[in-house]
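Contents: one structure, followed by commentary.
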Amino acid sequence: LMTGEKGGNQAKLLVTSGLIGGLFDFCFSALRLWSEEISTRIIPAGALLAEKFKMVLKFNVSALIFSFGYLVGLRYALIITVGSLLSWLVLIPLVNEIGALAAANGGMNPFAAMSAEEIFAVYVRPIGIGAIAMAGIIGIIKSSGVIGNAFKLAMGSKKGKIHDRELRGERTQRDLKMSFVMLFLFLTLVAVFIFLLAGVKVTLVQAIVALITITVISFLFTTVAANAIAIVGTNPVSGMTLMTLILSSVILVAVGLKGWQGMVSGLIIGGIVCTALSMAGGFVTDLKIGYWIGTTPAKQESFKFLGTLVSAATVGAVIFILNEAYGFVATETHTNPMVAPQANA
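Its first residue numbered 455, the sequence shown is counted upward by one per residue in the numbering used here.
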């Protein structure tokens with residue numbers, strides 16, 4: 455934000471670094487002068503460690519990784535590095551060693567035929583996802599001050615104090631009335647509530663619990679997502695969505711919502727929160743650009759509402775059309791249905 459606002463030497467540095475990074479990536483991606491990923495398997499000792507102990511180290515030398523480290527700073531870059539070292543030098547060999555101990559006691563080592571990458575994907579990656587979820591909780595706790603200030607601003611705007619002050623102040627500081635925002639939020643929650651009752655056919659209590667879960671998690675997580683994309687330019691959608699699915703599943707099971715209804719309800723909650731996270735992160739960037747060029751935030755927010763309604767209606771219509779034409783589940787009418795997009799963590 456500061457670089458875009460100041461321009462001059464800082465903007466020149468931004469453009470120059472982008473050109474250097476692009477040239478660097480072009481050398482290995484197009485010209486194949488070197489590999490993007492360097493592994494310890496390239497030396498005999500590294501290959502032996504990978505084969506016997508499942509111990510591998512990989513280095514991604516793309517400009518994207520270097521720039522990301524520069525953005526997050528030395529402290530967070532070190533945390534990411536330590537997490538990677540813990541995964542590849544400790545946890546993966548530990549999993550393999552557990553299998554070796556089982557084989558030594560007359561059992562079978564199920565990891566002997568697996569590569570280090572396969573062990574990572576099946577057993578170690580979920581640990582990383584749990585770490586991301588915990589980081590989200592810590593982020594919410596650290597953002598409690600921001601959340602509290604947001605409540606104060608919302609309540610002040612609802613009473614008309616802040617909005618009147620904004621009308622007297624600068625145009626570039628003017629936001630939509632909180633009453634307008636609360637109205638659309640209320641209508642959205644009512645629509646979700648009706649869908650849970652009529653579409654998923656859950657009980658009244660279960661629908662209320664699901665609605666409260668959606669509201670609380672969306673409000674808390676969007677704060678973290680907006681803060682993350684403002685600082686490092688990356689939105690932690692995948693980790694937050696997985697955490698949402700875990701939390702919502704536990705809550706829904708506690709109120710007796712199981713089976714296909716529980717699965718559908720959990721996916722609906724996850725989808726709503728995921729959409730909220732994506733929109734929050736994207737709109738922070740929109741507001742940043744608007745700040746640079748001097749737009750009115752209230753107008754940006756108004757058109758964001760309009761764009762959301764149009765895109766939701768359009769995408770929904772397209773999904774219905776695709777379902778009618780190709781289907782998403784194998785039936786007598788649709789013997790070769792469309793394959794659903796596969797999630798990657």
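Just so it is clear, CB atoms sit at the ideal spot from N, CA and C, and this is done for glycine as well. Just so we're clear, the structure is a prediction, and the values are computed from it rather than from any experiment.
Check	Outcome
Phe638 - containing alpha helix (DSSP H), residue span	Met632 to Phe649
Which listed residue (Ala575, Ala784 and Phe478) has its alpha carbon closest to that of Asn514	Phe478
For Lys466, the three-state DSSP class (helix, strand or coil)	helix
Any 3 or more C-beta pairs closer than 8 Å across the region 691-706 and the region 581-594	yes
Proximal residues to Thr667 (C-beta, below 7 Å), its chain only, five neighbours per side dropped	Ser702, Ile705 and Ile723
Neighbourhood of Val578 by C-beta distance below 8 Å, restricted to the same chain and skipping five residues each side	Ser541, Leu545, Ile546 and Val549
Beta-carbon separation (whole angstroms), Phe675 vs Gly590, contact threshold 8 Å	7 Å
Segment limits, beta strand (DSSP E) that includes Phe513	Lys512 to Asn514
Buried versus exposed, by CB contacts within 10 Å (16 or more), Cys481	exposed
Three-state secondary structure (DSSP) of Ile801	Shown here, the chain extends from 455 to 799; a query on residue 801 therefore has no answer.
Residue-chain proximity (Thr762, chain D), Cβ-Cβ < 7 Å	Checking the listed chains, one finds no chain D in this structure; it contains a single protein chain.
Euclidean distance between Cα positions of Ile671 and Leu555	42 Å
Inside the region 486-559 only - alpha helix (DSSP H) runs reaching at least 4 residues	498-506, 517-540 and 546-558
Top-ranked residue by Cα proximity to Ser471, from Trp488, Tyr524 and Pro498	Tyr524
7 Å Cβ cutoff met for Leu650 and Ala664	yes
Nonlocal neighbours in the same chain, by C-beta distance under 7 Å from Met697, ignoring five residues either side	Ala587 and Gly590
Candidates Thr677, Asp629 and Gly761: closest to Ile595 by CA position	Thr677
Closest by C-alpha distance to Leu711, when choosing among Ala661, Ile700, Leu639 and Gly748	Ala661
Run of the alpha helix (DSSP H) containing Gln754, from where it starts to where it stops	Pro751 to Ala779
Same chain, Cβ closer than 7 Å to Tyr530, five either side skipped, listed in chain order	none
Helix, strand or coil at Ala708 [DSSP, three-state]	helix
Three-state secondary structure assigned by DSSP to Pro564	coil
Exposure label - Phe638; buried when at least 16 CB within 10 Å	exposed
Option nearest Ser538 by Cα separation, candidates Gly735, Ala752, Met509 and Asp629	Met509
Counted within 10 angstroms of its Cβ, other Cβ atoms place Leu503 as buried (16 or more) or exposed	buried
Exposure label - Ile534; buried when at least 16 CB within 10 Å	exposed
Cβ separation of Gly744 and Ile683, assumed to be a contact under 8 Å, to the nearest whole Å	The pair is not a contact, with the Cβ atoms about 15 Å apart (cut-off 8 Å).
Buried/exposed call for Gly713, threshold 16 Cβ in 10 Å	exposed
Continuous alpha helix (DSSP H) stretch holding Ser732: start and end	Gly713 to Ile747
DSSP three-state assignment for Thr695, whether helix, strand or coil	helix
Every unbroken beta strand (DSSP E) inside the region 648-680 [3 residues or more]	none
Straight-line gap, Asn777 to Leu511 (C-alpha atoms, nearest Å)	45 Å
Beta-carbon separation (whole angstroms), Gln715 vs Val654, contact threshold 8 Å	6 Å
Which listed residue (Met632, Leu543 and Ile552) has its alpha carbon closest to that of Glu571	Leu543
Terminal residues of the alpha helix (DSSP H) in which Pro580 lies	Arg579 to Lys596
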